[in-house]
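Quick notes on the structure that follows.
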Amino acid sequence: MSSSTTEAAAAASTLSPGTRPRFRAGREGRKFRGPGSVGPLGLGVAVLWLSVIVLLPLAALTVQSFDDGLTGFWNAVTEQRALATFKVTLQVSVAAAVVNLFLGTLIAWVLVRDEFPGKRFVNALIDLPFALPTIVASLVLLSLYGPASPIGLVFNATKPAVIVALLFVTLPFVVRAVQPVLIELDKDVEEAAASLGANNWTIFRRIVLPVLLPAILSGGGLAFARAIGEFGSVVLIGGNIPNDTQVASQYIRELIEYDRPTDAAAISVVLLAIAFAVLFVLRVVGNRLARREEQIS
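Counting in numbering that gives the first Met the number 0, the sequence shown runs from 0 upward without gaps.
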């Protein structure tokens, strides 16, 4: 054994279990640039592009929302019409997200664990709401559930109609969030539990669900965030009835048409804040659940 190898082994033996060597300050304390790192130039381009596409527009919108001062902002977001649209938007968005939490998870499970004719077609069909213009989705739903419904179900211009439209456009978020986790899930533990007499429900609840839960929450959060800002899919089938089916995005368009861009910006900022808060909380909860699952396993 060479002297360098002996010294390395001696150094490693002095570390107690669970401890990790730390980088020294100075040159040796610089962050390690691993394989595939884009370096400072790539990082700068990424930050610049993110700023131009996301951060600067959001900052400009926020500044515009306070053009009439804090009082003007408060009046815009607390007037009766605004509060009514917030209420409707939250109701239909939460309903759509909760339904898709369950049905999206079920569909992901079927696509991963079951074999059936046309599976590839169904799997590709899940992404259709991503590619289809949302106004087309609204037209399709209106043709099916509107006054000329070929199946006799007429419920356009109602909250259930708005929820159906949101279910259509937000379903892929949950399915595509859960699918990869299911694919990577090791079945050996499930088979071992089954061999010990555990039924399917117990296996799912005690073994599978804790692993899937962070992905389910992530998909549900994305579905909710998409739903509260949705416009195209609800514009025709929803009816845009104030205090009943009018959602916040439709109210924003109305404010712009009435030459009230500052009030429209204020409503938009509230929607952004709600979406960001929900995504942040769910991300924190999901990360904690994932860490706890790693510690248990």
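Beta carbons are placed, not taken as given, at the ideal position from N, Cα and C, and that holds for glycine. All of these numbers come straight from a predicted model, not from anything done at the bench.
Anticipated Cβ contact below 8 Å, residue i with residue j, distance rounded
i      : j      : result
GLN79  : THR261 : 18 Å between Cβ atoms; not a contact.
VAL168 : PRO128 : 5 Å
ALA224 : VAL277 : 6 Å
ILE134 : GLY231 : 4 Å
ALA96  : ALA193 : Not confirmed; about 32 Å, so no contact.
ALA123 : TYR144 : So it is not a contact: roughly 25 Å between Cβ atoms.
THR61  : ILE227 : At roughly 17 Å, the Cβ-Cβ gap does not stay under 8 Å, so THR61 and ILE227 are not in contact.
GLY103 : LEU170 : 6 Å
LEU271 : LEU57  : 7 Å
Length of the line joining the Cα atoms of residue i and residue j
i      : j      : result
VAL173 : LEU281 : 13 Å
SER12  : ASP185 : Low confidence applies to SER12: its pLDDT is 41, below 50, so where it sits in the model is not reliable enough to give any reading.
GLU293 : THR84  : 42 Å
GLU183 : VAL207 : 12 Å
ALA265 : VAL246 : 15 Å
ASP187 : GLY220 : 30 Å
GLU189 : SER36  : 38 Å
LEU42  : VAL53  : 16 Å
ALA156 : LEU211 : 36 Å
LEU55  : VAL109 : 42 Å
ARG290 : LEU141 : 45 Å
PRO146 : ILE236 : 10 Å
ASP126 : LEU166 : 13 Å
GLU256 : ALA263 : 10 Å
ALA214 : LEU195 : 28 Å
VAL98  : PRO39  : 44 Å
THR201 : PHE120 : 31 Å
LYS86  : ALA191 : 48 Å
PHE101 : VAL268 : 30 Å
VAL284 : VAL44  : 31 Å
ARG112 : ARG287 : 27 Å
LEU181 : ALA107 : 8 Å
ASN239 : ASN198 : 48 Å
PHE137 : ARG259 : The sequence given here places Ser at residue 137; Phe does not occur at that position. If I take the Cα positions, the gap works out to 27 Å.
LEU179 : ALA94  : In the sequence as displayed, the identity of residue 179 is Pro instead of Leu. Rounded to whole angstroms, PRO179 to ALA94 spans 25 Å at the Cα level.
GLN249 : ALA130 : 22 Å
ILE251 : THR77  : 14 Å
ALA275 : GLU253 : According to the sequence shown, residue 275 is Phe rather than Ala. When rounded, the distance between both Cα atoms is 24 Å.
PHE279 : ASN74  : 27 Å
LYS158 : PRO209 : 33 Å
SER92  : GLY68  : 30 Å
LEU216 : ARG204 : 16 Å
GLY218 : LEU105 : 13 Å
PRO241 : VAL177 : 36 Å
ARG175 : GLU114 : 18 Å
LYS118 : LEU82  : 44 Å
ASP243 : VAL153 : 17 Å
VAL233 : VAL139 : 11 Å
ASP66  : VAL51  : 22 Å
VAL90  : SER148 : Before going further, note that residue 90 is Gln rather than Val in the sequence given. Going by the C-alpha atoms only, they are around 26 Å apart.
Enclosing alpha helix (DSSP H) for residue i [first to last residue]
i      : result
TYR298 : For residue 298 there is no data in the structure shown, the boundaries of the chain being 0 and 296.
ASP187 : 186 to 194
ASN199 : 199 to 202
GLY219 : 208 to 227
Closer than 8 Å to chain D by CB, residue i
i     : result
ALA95 : Included in the structure is just one protein chain, with no chain D present.
Segments of 4+ residues assigned as alpha helix (DSSP H) that fall wholly inside the segment 39 to 86: 55 to 64 and 68 to 77
Which ranges would you report for the alpha helix (DSSP H) in the segment 97 to 181 if only whole runs of at least 4 residues count? 118 to 124, 127 to 130 and 133 to 144
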